[in-house]
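First comes the structure, then the notes that go with it.
Number of protein chains: 2
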Amino acid sequence: MAVTLADVAAAAGLSGSTVSRALSAPEKVNATTRERVERIAREMGYVPNHSARSLTAGRTDLIGLMVPDIANPFFPPIIKAVQARGMQHGRTVLIADVDERTADELPRARTMRRQVDGLIIASPRTPDDMMDELLALAPVVFVNRAVPGAASVVIDEAGGMAQAVEHLAALGHRAIAYLNGPKRSWSNTQRRGAVQAASARLGLDLVEFGPFEAQVQSGVHAADLVIARGITGVIAYDDLIALGVMARLTERGVRTGADISVIGVDDSPMSAMAYPTLTSVHVPGDAAGSEAVDALLAIIEDRQVEDDEHVVLDSRLIVRSSTGPARTA
Amino acid sequence: MAVTLADVAAAAGLSGSTVSRALSAPEKVNATTRERVERIAREMGYVPNHSARSLTAGRTDLIGLMVPDIANPFFPPIIKAVQARGMQHGRTVLIADVDERTADELPRARTMRRQVDGLIIASPRTPDDMMDELLALAPVVFVNRAVPGAASVVIDEAGGMAQAVEHLAALGHRAIAYLNGPKRSWSNTQRRGAVQAASARLGLDLVEFGPFEAQVQSGVHAADLVIARGITGVIAYDDLIALGVMARLTERGVRTGADISVIGVDDSPMSAMAYPTLTSVHVPGDAAGSEAVDALLAIIEDRQVEDDEHVVLDSRLIVRSSTGPARTA
DNA sequence: GGTTATACTGCAAGCGGTTGCTGCAACCGC
DNA sequence: GCGGTTGCAGCAACCGCTTGCAGTATAACC
Chain A
2 MAVTLADVAA AAGLSGSTVS RALSAPEKVN ATTRERVERI AREMGYVPNH
52 SARSLTAGRT DLIGLMVPDI ANPFFPPIIK AVQARGMQHG RTVLIADVDE
102 RTADELPRAR TMRRQVDGLI IASPRTPDDM MDELLALAPV VFVNRAVPGA
152 ASVVIDEAGG MAQAVEHLAA LGHRAIAYLN GPKRSWSNTQ RRGAVQAASA
202 RLGLDLVEFG PFEAQVQSGV HAADLVIARG ITGVIAYDDL IALGVMARLT
252 ERGVRTGADI SVIGVDDSPM SAMAYPTLTS VHVPGDAAGS EAVDALLAII
302 EDRQVEDDEH VVLDSRLIVR SSTGPARTA
Chain B
2 MAVTLADVAA AAGLSGSTVS RALSAPEKVN ATTRERVERI AREMGYVPNH
52 SARSLTAGRT DLIGLMVPDI ANPFFPPIIK AVQARGMQHG RTVLIADVDE
102 RTADELPRAR TMRRQVDGLI IASPRTPDDM MDELLALAPV VFVNRAVPGA
152 ASVVIDEAGG MAQAVEHLAA LGHRAIAYLN GPKRSWSNTQ RRGAVQAASA
202 RLGLDLVEFG PFEAQVQSGV HAADLVIARG ITGVIAYDDL IALGVMARLT
252 ERGVRTGADI SVIGVDDSPM SAMAYPTLTS VHVPGDAAGS EAVDALLAII
302 EDRQVEDDEH VVLDSRLIVR SSTGPARTA
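Order-wise, the sequence lines are chains A and B.
Heads up, the first sequence is in this note's numbering, so the first residue is 2 and it goes up one at a time.
Heads up, the second sequence is in this note's numbering, so the first residue is 2 and it goes up one at a time.
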């Protein structure tokens with residue numbers, strides 16, 4: 002089977018303790034001895050057993066990341082960033098995709114918690130009155146939802162959303178629509194609120210549709226509602242919905258950017274590639290992922306930190322060609 | 002801290018062995034005792050410690066899944082399927098995203114192998130002459146690349162690709178192009194070969210471009226090459242590239258489906274949503290994921306199976322509106 | 001040279017479960 | 001009534017590694 006610490010010890014004519022220390026607490030061992038141990042261990046292909054180490058150390062060096070849906074382009078950047086950052090700190094990331102099933106979040110999180118040192122939960126949809134139970138799985142850091150008493154990394158979407166509304170207003174649009182995202186989505190609450198506030202401030206007529214699932218198909222549906230209401234500016238909950246809107250508009254002979262302006266949120270890779278290219282609010286998922294890992298490790302490693310620290314990242318509008326001046330009727 | 006087996010044993014007035022058996026080898030314990038133990042364990046909120054169990058059992062109940070790029074829409078379905086299937090068998094899935102860095106595959110796989118019972122490697126780009134080293138990390142199952150002497154789940158793309166070529170031929174296209182995918186991609190070799198064979202069989206003029214990275218941007222670039230050559234039918238390595246081609250064609254005033262027909266591969270969710278909707282070769286990634294788990298577990302659990310079994314799944318063309326009859330000049 | 005500080009290294013006891021073997025008691029049949 | 005099964009539960013060793021404490025050799029000091 003595999004080479005164990007004892008094997009290395011035997012080969013080196015030392016005790017297991019010394020070998021152990023030589024490999025993980027270098028300063029406690031004579032330099033010469035250490036080098037010899039390291040060489041022998043390498044030659045024998047020794048690889049420490051994770052389970053054994055976890056058992057004594059009381060930690061697994063695993064961190065859990067839960068996302069609603071890997072297929073949603075908003076999450077891969079977060080996942081990648083979490084993995085990258087985790088790896089830098091010697092942590093492996095366990096990913097759970099709950100497939101948008103809100104009710105699965107808590108049980109999945111509980112299960113996962115048993116195998117990991119801490120949890121990062123992205124865009125949790127769990128209702129407010131049950132968040133305590135997620136919180137109880139501490140250490141846990143939330144991404145994309147501010148939770149009282151818990152550490153979180155949120156993106157200040159208000160800024161970007163306000164920019165989106167201002168952009169439409171500047172282009173002369175008077176009647177705009179906001180397409181709501183999933184019912185339980187904390188992000189949606191934020192985005193919607195910002196749009197409402199900005200619209201009111203700028204004196205625009207705002208109509209809301211939805212809630213919609215974060216899928217292209219939802220946008221296809223929404224597009225018809227928008228056309229029916231004679232609206233000229235649309236801000237969708239996310240890029241997927243926006244893309245659906247654009248596809249449907251084109252299908253119905255309505256020119257996106259000319260007849261109706263469409264804005265998405267997430268600035269996913271597709272937005273730059275759609276036709277027309279999609280104006281979108283950039284949400285720095287990758288940065289959020291890194292920050293989340295840092296926050297989590299800070300808690301796990303018990304560096305004197307508040308465990309309810311809130312990191313806030315900025316969003317901003319990226320203007321492309323799905324938005325254009327309102328037709329002067 | 003957490004409730005341990007010893008705690009439960011003490012509370013039940015039994016020895017640890019009995020509790021252990023009551024919980025994991027029910028038949029070796031008196032029914033009455035078992036029920037009592039189960040009740041007490043439940044009441045105390047006992048949860049067996051993963052590391053400890055792994056240590057004695059010699060297995061982690063973790064399986065590793067390596068993919069080139071989570072953000073590539075081809076992989077999420079595979080990931081989801083692997084997770085779902087794994088969960089059904091009490092396995093947790095560890096995911097590694099190598100970010101398309103071929104050189105990272107082997108080291109990442111090696112690292113991951115230490116923590117898991119077996120590996121599923123999707124679309125490995127590692128060159129043939131180094132595949133032995135991946136193979137040496139057995140048990141390992143490859144997805145989307147047939148490897149001699151190793152278990153693998155591949156999708157017979159030849160069928161779908163041939164259908165794609167036939168489709169173009171039936172529509173009257175005589176000069177077609179194939180846009181190659183990444184250099185090291187085994188899939189590309191398969192797809193390309195099938196296109197070549199079918200083109201030759203049907204007497205079409207085939208031009209090849211690439212290799213290209215599997216990104217929308219690649220397609221944008223490729224589109225110009227295609228236009229310059231007066232080609233009317235394009236088969237791209239994957240949907241992303243195809244979407245890029247379409248976007249660029251539209252941008253240049255060329256009508257996809259009318260002037261130039263475009264076919265993608267993967268049948269990703271976006272293909273149904275692009276405008277025009279993208280004709281694409283459906284590749285059953287989800288089924289491949291499930292099959293891979295089954296194959297891996299068969300090897301791990303040592304059910305008398307060849308460990309170089311090849312599962313082959315079929316692909317098929319989904320016709321949408323990005324393809325249409327060739328203009329009769 | 002004797003003594004104490006210093007620097008390593010080894011011993012052994014766990015970490016939380018699993019499991020082969022032993023022990024014991026109730027039960028069986030003759 | 002006795003030997004022989006059979007069914008359960010407990011003992012103890014072990015999985016591979018970490019770590020507090022003790023032991024020893026060497027260095028440093030007076």
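Note that the Cβ used here is the ideal one computed from N, Cα and C, for glycine as well.
Remember, predicted model here, so these are calculated numbers, not experimental data.
Fewer than three pairs of CB atoms, one per stretch, sit closer than 8 Å, so the segment 59–79 of chain A makes no contact with the segment 26–43 of chain A. Between the C-alpha atoms of L136 (chain A) and G150 (chain A) there is a straight-line separation of about 8 Å. When secondary structure is reduced to three states using DSSP, R193 (chain B) falls in the helix class. Residues of the same chain with a CB within less than 8 Å of the CB of S52 (chain B), apart from the 5 flanking positions on each side, do not exist. Taking C-alpha positions only, L66 (chain A) is separated from L205 (chain B) by approximately 50 Å.
Contact residues of the segment 74–103 of chain A toward chain B are P74, P77, P78, I80, K81, Q84, T93, V94, L95, I96, A97, D98, D100 (C-beta to C-beta distance below 8 Å). Less than 7 Å divides the Cβ of S322 (chain A) from the Cβ of T278 (chain A).
Of the candidates B:D133, B:V221, B:I236, B:M113, B:I236 places its Cα closest to the Cα of H168 (chain B). As the crow flies, the alpha-carbon of H222 (chain A) is around 20 Å from that of R185 (chain A). Annotation: Cβ neighbours of L56 (chain B) in chain A (cutoff 7 Å, chain order): S52, A53, L56. Annotation for A123 (chain A): the continuous beta strand (DSSP E) segment containing it runs 119–123. Between the alpha carbons of T5 (chain B) and S55 (chain A) lies a gap of roughly 15 Å. The beta carbon of V48 (chain A) falls within 7 Å of a beta carbon belonging to chain B, placing the residue at that interface.
A straight line joining the alpha-carbon of T57 (chain A) with that of I64 (chain B) spans about 23 Å.
Excluding residues up to 5 positions away in sequence, F210 lie with their Cβ nearer than 7 Å to the Cβ of L226 (chain A) in the same chain.
Counted as a single uninterrupted DSSP element, the alpha helix (DSSP H) harbouring T251 (chain A) occupies residues 240–252. Cβ atoms of A23 (chain B) and V142 (chain B) stay farther apart than 8 Å, at about 35 Å.
Here I319 (chain B) is bridged, per DSSP, to B:S281.
Flagged as an interface residue toward chain B: Y276 (chain A), by a C-beta distance shorter than 7 Å. T61 (chain A) reaches chain B at H51, S52, counting residues in chain order whose Cβ is nearer than 8 Å. Counting along the chain, the unbroken beta strand (DSSP E) around V142 (chain A) starts and ends at 141–144. Within chain B, no C-beta atom comes nearer than 8 Å to that of P183 (chain A); the closest sits roughly 17 Å away.
By the Cβ test, the segment 240–255 of chain A is not in contact with the segment 283–297 of chain A, since fewer than three Cβ pairs between them sit closer than 8 Å. In the three-state reduction of the DSSP assignment, G290 (chain A) falls in the helix class, which pools H, G and I.
Cβ atoms of A195 (chain B) and A163 (chain B) come within 8 Å of each other, at about 6 Å.
The residues L279, R321, in chain order, have a CB closer than 8 Å to that of A273 (chain A) in the same chain once the five nearest residues on each side in sequence are set aside. Around the beta-carbon of G245 (chain B), 16 or more other beta-carbon atoms lie within 10 Å, marking it buried. The beta carbon of M247 (chain A) lies closer than 6 Å to those of T257, V263 in the same chain, with the five residues before and after it left out. DSSP links G265 (chain A) through a beta bridge to A:S281.
Listed by position along chain A, the residues whose Cβ is nearer than 8 Å to that of A11 (chain B) form an empty set, because the closest Cβ is around 20 Å away.
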